[in-house]
Structure formats: structure tokens, C-alpha cells
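Numbering follows my numbering, in which position 164 of the sequence shown is assigned residue number 165; successive positions increment by one, without gaps.
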Amino acid sequence: MKRPSDAEARRAVPPVICYPNETLPFPDMALYAAARAGATKVSETLVPAREAACFRAEAGQFFRISSVEGPQVGDLNLWNAQDLSERFYSGKSRALHGTHLSAGERMWSSFPTLRPMATITEDTLGWYGIDGFGGSVHDVIGTRCDPYTGNLLSGAQYHHCCHSNLTRALADETGLSLGEAEGHVHDVLNVFMCTGFTRDTGQYFMKASPVRPGDYLEFFAEIDLLGALSACPGGDCSTEHSSDVAACHPLLVEVFAPSPGAVDGWQSPAPNGYDRSHGRGAP
Ligand SMILES: [Zn+2]
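Now the structure itself:
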């Protein structure tokens, strides 16, 4: 292929941040920290290895996902507890914050609401940063392991990929059929997973998660949430997923309620303000 004479000059153009996020509504982390200090545990859910489980957190409560027993990656879905059509939007959260999320960043919901569903308030793996391979933790670049891709690549029929685990858990929680529930499962926040893109080929890579028992990721629920968490069959994702080969461990989800009055002054975010007319008058 012909290389233009100014190829190096074109490559040397500096990048521009697509979505400068200084104007995003800023979470009041001091208020959250004060509310968390007096909070008490109201529920806990142990997610079995290679399975998923649902949990609920009311607006204004906190939920914590913890590593227990051994290094384990979790695939997280979030829905508005009153309306499953409002769900976590991985791609937009990535565009707004970057490839991996940490404390102070948010899980945004789908169109047309596009609002914060949850804010990360604590991340014990925040020290990891970005390693020499370009890897980091808690990504919003992977989708979720699923049996369709597994079948495409190897012809397998494997039933404990995160996609199927989340589908069964949502069906059990809501009474929806498996087929209906599957349509609500969406791209995840890959909790504790360590991933990046290779510099030479741009391919999605994973490596052993740095998570250890006792580590956790904690969130403030901005709206009433129904969550589902899958303990990925990839375990710590150091080798492979979509099989029962990797060592897998449970994950713990705990929900905490602040003491009465502790989040006074805070309001659940309103749905997005775009008028939805798309240039054609009233929607
Ligand atoms: Zn998975």
C-alpha cells in the first residue's frame, strides 16, 4: 500500500480528549463519606463461583463487592429497580471516564435517561493504576463472557458464562422467562478484572487480577437499583474463560443504609434534560 509523504506529520497530530468531563455534575464525595461512616448493613448476598445472584440497593444506600476466599473477577449489571429499560451503559461510561473506572467515577445509564446510576466511593485496588502493559482494573471495555462467542470460536455449548449466569439470576429474581431476561442483560462493569489493549496489535487482553481476599469496590446508589453480579468462570482471568478450567471463588455483595438524615441535601439525579424531539418538534 502507498504511504503518503506526510505520513509522519499526520501521525504526529496530538490527541484531543473526546469528552472533556470537567462539566459533568460532580459527585459530593465528602457527603458520601460522611453518610457511609454511620451506615449499617441491611443485606448481604454471596454469589457462588460460576453463578450469578441479584441484589437490591435503594437510592441513597451503598453496596460493596468484596473478594472472598480467592482472586475472582465479577461481571456487574445494573438496572433501575422500577424500570428495567434503564440500564448500565458501559460504552458511554467508557467515553466519559476512560477504559477503567475507579473512585469518584460513575456508572451511567442508557438513553434516554443518561444519568448516574451509581458512583464508586471506594476502590482498594486504586493503587494499581496503569501497569507497564497498559493494563488496569475494573474495565468497561469487555462485554461479558458469553456462550455465543464461545460457540463461534470453539463450537462449544457452555452454560456458565457470565451472560448465562446473569440471565438465570435475573429470571429467578423477576419471574421473567429466560428469553425475556436475556434481552435485559447488557455489557458489564468488569469488577476486579485486569485488562487492556496490546500496543502492537490493539487486541483486548486480560491478565491475572491483582485482587486478594479483603479487597472491595464500593458504590453509592444514585437511584433505586436492581443489580446482578456473576462470579466469572474465568476466576482471576489469568488463563481462560468460557470453561470450568479456571479456579473460581465466590464474591460477596453487602448493602449498607446510612443513618436517617445522613444524605439530607442529596437528591437522586433527574433523567437527562434532552427534549427528545430530534429536530422534529414535540417527541
Ligand atoms: Zn465472565
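Glycine residues also receive a C-beta, built at the ideal position from the N, C-alpha and C atoms.
Alpha-carbon to alpha-carbon, residue j and residue i
i           : j           : result
residue 338 : residue 186 : Residue 338 falls outside the range modelled here, since the chain spans only 2 to 284, and no answer is possible.
residue 1   : residue 92  : Residue coverage of the chain in this structure runs from 2 to 284, which leaves residue 1 outside it and unanswerable.
residue 12  : residue 100 : 22 Å
residue 106 : residue 248 : 30 Å
residue 269 : residue 102 : 21 Å
residue 38  : residue 264 : 12 Å
residue 90  : residue 229 : 15 Å
residue 26  : residue 94  : 14 Å
Sequence-distant residues of the same chain with beta carbon closer than 8 Å to residue i, five excluded per side
i           : result
residue 4   : none
residue 135 : 197, 198, 199, 200
residue 285 : The chain is shown only over 2 to 284; residue 285 falls outside these bounds and no answer can be derived.
residue 22  : 97, 98
Cβ-heavy atom distance, residue i to ligand 3, below 7 Å
i          : result
residue 91 : Ligands displayed in this structure: ligand 1; ligand 3 is not among them.
Beta-carbon proximity of residue i to residue j, cut-off 8 Å
i           : j           : result
residue 24  : residue 272 : no
residue 63  : residue 56  : no
residue 133 : residue 259 : no
residue 79  : residue 88  : yes
residue 223 : residue 82  : no
residue 244 : residue 234 : yes
Contacts around residue i, its chain only, beta-carbon distance under 6 Å, and the 5 residues preceding and following it disregarded
i           : result
residue 42  : 255, 257
residue 68  : 212, 214, 216
residue 166 : 52, 53, 231
residue 239 : 209
7 Å CB neighbourhood of residue i in its chain, flanking five on each side removed
i           : result
residue 104 : 121, 122, 123, 124, 127
residue 172 : 178, 179, 182
>> Three Cβ pairs or more, each shorter than 8 Å: is that satisfied between the segment 72 to 87 and the segment 207 to 219?
In response: yes
>> Check whether the segment 151 to 160 and the segment 196 to 206 are in contact - that is, three or more C-beta pairs closer than 8 Å.
In response: no
>> Within 8 Å, do at least three Cβ pairs link the segment 125 to 132 to the segment 50 to 61?
In response: no
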